[in-house]
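Q: Structure below; questions to follow.
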Amino acid sequence: MRHKYSDYMHWSKTQSRARFNLATSGVASFPFCELPVDLKELEINGDNSYGYAPLQHAIAAHHGVDPDCVVEAEGTSMANHLAMAAIIEPGDEVLIEHPAYGPILDVAYYLEANVKRFRRAEENGWAIDPDEVRRGVTPNTRLIVITNLHNPTSVLTPEPVLREIGDIARSSGALLLVDEVYLDAVYENTPRTSFPLGPEFVVTSSLTKVYGVSGLRCGWILAQPDLAWKMRRLNDLYSATPVHPGELLSVAAFQHLDLLRERARRIVEADRKLLRDFLKQQSGLCAVETKWGTTAFPRLLNGNGDGFLQRLRAKFDTSMVPGRFFEMPDHFRIGMGVNTEMFAEGLNRISRALATGG
Ligand SMILES: Cc1ncc(COP(=O)(O)O)c(C=O)c1O
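Residues 5 to 362 (our numbering) are what the sequence shown spells out, left to right.
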């Protein structure tokens, strides 16, 4: 039987919520009433057979790339799926970072890839070591997959390392898929997309995580024009054409992107300050801290992660993402950027839970 589900997505949709919900990865919803749009200009149908030109252009302008390289997709989820499905044949080797965002692995298994892993080591600040990637690549490797920022740790991979991984991919005839859905949560000196670094780069992203408009499902892939076209043709088998009102609202979101981003930034930065102070006081936890991103991935020094999270939920009505979804059960993922009061009280409850049994 082929793999046809995602345990993480199922957990996230059915069990992640609590009164103090720190199991998030995206920022607070941007209120529709604050988006400067004229509802009279909304339409139900439009000319969007293989993408709606104004949206393609808005995405292309955002990244400084050619619109022919832009493929619309429903969120980064569909972008990752389309990108991998267009590239991988059953039995191809796909080299994926560890720890990884679960659904990326699930899609690779669903596509019957031969999944190999390379390690991002906590003792190395979760950075990608290009030698680890080099060791994992074989003549059968078709695709290397990383996230930048890294989910769950929010660690940034700098451009020289991206170039090096790109070289490794190119010299073995593979492509490099970089999921950049969190990259714009680097608020100062935001790195540009890795797509222009070389023809082996394929990039996925969306407005869903950093901008508070997940419901628009505005996602995309950046790929060389021939591969981009293959992805559009493949999408004829999936969602065929996009939801046009969503495309129109996404164009409006692009026109006011700074407004969306700055609103979230205030919350993310306030939460990060609280998290930093919290981590300083916790002798039972250790964590690699970053100056950006919406998530952190602390480790529980003593005790069982799942047991701790169950108690945290049952007694303190607080949730975080269990590390087992990232194949690291001693860890958990904390999400920032939704509501600072809720975040502060959630941290307070985690402290109390740690103080009463770890
Ligand atoms: C690394 C990564 N990629 C893709 C996604 C899916 O995002 P979207 O909501 O855009 O489908 C997520 C969601 O958490 C993610 O963390």
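Backbone N, C-alpha and C define an ideal beta-carbon position, used for all residues, glycine too.
Let's see if you can read the secondary structure: which residues bound the alpha helix (DSSP H) around Glu266?
A: In the sequence shown, counting from the first residue as 1, residue 266 sits at position 262. It spans Leu261 to Gln285 - the alpha helix (DSSP H) in which Glu266 sits, taken as one unbroken run.
Q: Can you determine whether any heavy atom of ligand 1 sits closer than 7 Å to the C-beta of Asp183, and answer yes or no?
A: Mapped onto the sequence shown, residue 183 falls at position 179. The answer is yes for Asp183.
Q: Please identify the residue among Glu168, Tyr114, Leu59 and Glu136 whose C-alpha is closest to the C-alpha of Arg406.
A: Any question about residue 406 goes unanswered here, given that the chain covers just 5 to 362.
Q: Start and end of the beta strand (DSSP E) containing Ile108?
A: Here residue 108 is taken as the residue at index 104 of the sequence shown, counted from 1. From DSSP, Ile108 is part of no beta strand (DSSP E) but of the alpha helix (DSSP H) over Gly106 to Tyr114.
Q: Would His14 be called buried (16 or more neighbouring beta carbons within 10 Å of its own) or exposed?
A: As a working mapping, residue 14 is identified with position 10 in the sequence shown. His14 should be labelled exposed.
Q: Could you say which of Ser287, Ser323, Gln286 and Glu251 lies nearest to Glu47 if we only look at CA atoms?
A: Within the sequence shown, the letter at position 43 stands for residue 47. Cα-wise, what sits closest to Glu47 is Glu251.
Q: Mapping the DSSP letters down to three states, classify Val206 as helix, strand or coil.
A: Numbered from 1 along the sequence shown, position 202 holds the residue referred to as residue 206. Strand, per DSSP.
Q: What I want to know is whether the C-beta of Ser175 ends up closer than 7 Å to one or more non-hydrogen atoms of ligand 1.
A: Here residue 175 refers to the residue found at position 171 when the sequence shown is read from its first residue. Ser175 Cβ: outside cutoff for every heavy atom of ligand 1.
Q: On the three-state DSSP scale, how would you describe Phe320?
A: Start at 1 with the first residue of the sequence shown, and residue 320 comes out as number 316. DSSP places Phe320 in helix when its eight states are reduced to three.
Q: Please return the same chain residues whose Cβ sits closer than 6 Å to the Cβ of Ala232, not counting the five positions on each side in sequence.
A: As a position in the sequence shown, residue 232 is number 228, starting the count at 1. These residues qualify, in order along the chain: Cys73 and Val75.
Q: Hey, quick one: how far does the alpha helix (DSSP H) through His335 stretch, first residue to last?
A: Start at 1 with the first residue of the sequence shown, and residue 335 comes out as number 331. Premise fails: His335 is in no alpha helix (DSSP H) and is neither H nor E.
Q: Return helix, strand or coil for Ala125, following the three-state DSSP convention.
A: Residue numbering aside, residue 125 sits at position 121 when the sequence shown is read from its first letter. Of the three classes helix, strand and coil, the one that applies to Ala125 here is coil, per DSSP.
Q: Any chance the region 91-110 sits against the region 325-333, with 3 or more Cβ pairs inside 8 Å?
A: Segments in contact, yes.
Q: Is Lys17 near ligand 1, with its Cβ less than 7 Å from a heavy atom?
A: Here residue 17 refers to the residue found at position 13 of the sequence shown. Checking the Cβ of Lys17 against ligand 1 gives no.
Q: Using only the heavy atoms of ligand 1, determine whether one of them is closer than 7 Å to the beta carbon of Gly288.
A: If you number the sequence shown from 1, residue 288 lands on position 284. No - ligand 1 has no heavy atom lying nearer than 7 Å to the Cβ of Gly288.
Q: Kindly list the residues whose CB is nearer than 8 Å to the CB of Val111, restricted to its own chain and excluding five residues on each side of it in sequence; keep chain order.
A: Within the sequence shown, the letter at position 107 stands for residue 111. Excluding residues within five positions, the ones whose Cβ falls inside 8 Å are Asn84, His85, Met88 and Ala89.
Q: Which residue comes first and which comes last in the alpha helix (DSSP H) that contains Thr151?
A: Translated into positions along the sequence shown, residue 151 becomes position 147. Here Thr151 belongs to no alpha helix (DSSP H); instead the beta strand (DSSP E) covers Thr145 to Thr151.
Q: Near Leu181, what residues of its chain come up, given a Cβ to Cβ distance below 8 Å and the 5 sequence neighbours on each side ignored?
A: As a first step, residue 181 must be located in the sequence shown, where it is residue number 177. For Leu181, where only same-chain residues beyond five positions count, the Cβ hits under 8 Å are Asn84, Ala87, Met88, Ile91, Leu147, Ile148, Val149, Ile150, Val206, Val207 and Thr208.
Q: Any chance the CB of Asn152 is under 7 Å from a heavy atom of ligand 1?
A: For the purposes of this step, residue 152 is identified with residue 148 of the sequence shown, where counting begins at 1. False, no ligand heavy atom lies under 7 Å from that Cβ.
Q: Once you ignore the five residues that flank Pro134 on each side, which residues in its own chain have a CB closer than 7 Å to its CB?
A: Taking the sequence shown and counting its residues from 1, the one referred to as residue 134 is at position 130. For Pro134, where only same-chain residues beyond five positions count, the Cβ hits under 7 Å are Val165, Glu168, Ile169 and Ile172.
Q: Helix, strand or coil for Ala300, going by three-state DSSP, please let me know.
A: Position 296 of the sequence shown, counted from the first residue, corresponds to residue 300. DSSP places Ala300 in strand when its eight states are reduced to three.
Q: Using DSSP with H/G/I as helix, E/B as strand and the rest coil, what is Trp15?
A: For the purposes of this step, residue 15 is taken as residue 11 along the sequence shown, with counting starting at 1. Helix.
Q: I need the straight-line Cα distance from Glu126 to Pro302, nearest angstrom please.
A: Residue numbering aside, residue 126 sits at position 122 when the sequence shown is read from its first letter. Residue numbering aside, residue 302 sits at position 298 when the sequence shown is read from its first letter. Computed Cα separation, rounded: 10 Å.
Q: So is the beta-carbon of Tyr215 under 7 Å away from any non-hydrogen atom of ligand 1?
A: Against the sequence shown, residue 215 aligns to sequence position 211. No, the Cβ of Tyr215 stays beyond 7 Å of every heavy atom of ligand 1.
Q: I'd like to confirm the pairing. Which residues does DSSP put opposite Lys120 in its beta bridges?
A: Within the sequence shown, the letter at position 116 stands for residue 120. Beta-bridge pairing links Lys120 to Leu99.
Q: Ordered along the chain, which non-local residues of its own chain (more than five positions away) have a Cβ less than 6 Å from that of Asp11?
A: As a first step, residue 11 is located in the sequence shown; it is residue number 7 there, counting from the start. Correct list: empty, nothing qualifies.
Q: Thinking C-alpha only, which one of Leu358, Gly361, Gly140 and Met346 is nearest Phe24?
A: Numbered from its first residue, the sequence shown carries residue 24 at position 20. Considering only alpha carbons, the answer is Met346.
Q: Pull up the CB-CB distance for Thr298 and Met324, whole angstroms please, since I reckon it's below 8 Å.
A: By 1-based counting over the sequence shown, the position of residue 298 is 294. By 1-based counting over the sequence shown, the position of residue 324 is 320. At roughly 13 Å, the Cβ-Cβ gap does not stay under 8 Å, so Thr298 and Met324 are not in contact.
Q: Is it the case that the CB of Gly250 approaches a heavy atom of ligand 3 more closely than 7 Å?
A: No copy of ligand 3 occurs in the structure displayed; its ligands are ligand 1 alone.
Q: If we count the other Cβ atoms within 10 Å of its Cβ and call it buried at 16 or more, is Arg21 buried or exposed?
A: By 1-based counting over the sequence shown, the position of residue 21 is 17. So Arg21 ends up on the exposed side.
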